[in-house]
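Data first, discussion second: the structure below is written as structure tokens.
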Amino acid sequence: MTGDIRADLLDQERHFDAVVLDCGGHDSQSMRSAMTAATHVLIPFRPKRRDLKLLPSMSELMTLIKTVNPDCHFRAVINQARSLPSQVSHAVDAKKVCEDFDIPAINTILYDRNIYDDADESGGSIFEVGKDKKAQNEFSHMTAELLGIEIPNIPQGSKHTLQGELI
368 MTGDIRADLL DQERHFDAVV LDCGGHDSQS MRSAMTAATH VLIPFRPKRR
418 DLKLLPSMSE LMTLIKTVNP DCHFRAVINQ ARSLPSQVSH AVDAKKVCED
468 FDIPAINTIL YDRNIYDDAD ESGGSIFEVG KDKKAQNEFS HMTAELLGIE
518 IPNIPQGSKH TLQGELI
């Protein structure tokens, strides 16, 4: 989908319980029109200056979108964080910077893990490819936080979503 996709997304919403759209990493007409139809917008940031420099423009875009879509929930997530103990403070600091620009940050941090590249290459999800329980746990918690739901007690090693359906 490209261009003004608002009508297409609203049509999809009538047919599915949830519509998830990845708009890529750049500002575009399709990203902006998707935000006008969205209930939730997740903005990933790496804990790096290059990404965090985009916060002022994302904050302005949020303000603009909220005039058209006041019920949309915007959240930032720190993504591709390094898991080395000496690097954790960078992720924590990045979350604080997001908050400084009125973009609430999700508590869960997504760490840089090989499973994400493996899943991307295979066309599957992290729940279908490999057995990286840490990545699956982080992603489940991030999703639950974004949607404001509690995670049910899912048995270790389960390939189920938060609703108990197979992914």
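Going by the numbering used here, the residue at position 45 of the sequence shown is 412; the numbering climbs one at a time, nothing skipped.
Even glycine gets a Cβ: it sits at the ideal position worked out from N, Cα and C.
Any beta carbon of chain D sitting closer than 7 Å to that of residue 453?
Looking at the structure shown, chain D is missing, and only one protein chain is on hand.
Would you kindly report the start and end of the unbroken alpha helix (DSSP H) that includes residue 419?
Residue numbering aside, residue 419 sits at position 52 when the sequence shown is read from its first letter. First-last of the alpha helix (DSSP H) with residue 419: 416-419.
Tell me where the beta strand (DSSP E) around residue 409 begins and ends.
Numbered from its first residue, the sequence shown carries residue 409 at position 42. Taken as a continuous stretch (DSSP letters only), the beta strand (DSSP E) holding residue 409 covers 407-412.
From the DSSP output, which residues share a beta bridge with residue 441?
Numbered from its first residue, the sequence shown carries residue 441 at position 74. 408, per the DSSP bridge assignment.
Here's the rule: buried if 16 or more other CB atoms are within 10 angstroms of the residue's CB, otherwise exposed. What is residue 451?
On the sequence shown, residue 451 is found 84 positions in, with the first residue counted as 1. Exposed.
Quick one, which of 385, 373 and 428 has its alpha-carbon nearest residue 510's?
Residue numbering aside, residue 510 sits at position 143 when the sequence shown is read from its first letter. Ranking 385, 373 and 428 by Cα distance to residue 510 puts 385 first.
Taking contact to mean at least 3 C-beta pairs separated by less than 8 Å, is the segment 487-496 in contact with the segment 432-447?
Contact between the segment 487-496 and the segment 432-447 is absent, because fewer than three Cβ pairs lie under 8 Å.
Using a threshold of 7 Å, state whether the C-beta atoms of residue 508 and residue 475 are closer than that.
Counted from its first residue, the sequence shown places residue 508 at position 141. Counted from its first residue, the sequence shown places residue 475 at position 108. For residue 508 and residue 475, yes; Cβs fall inside 7 Å.
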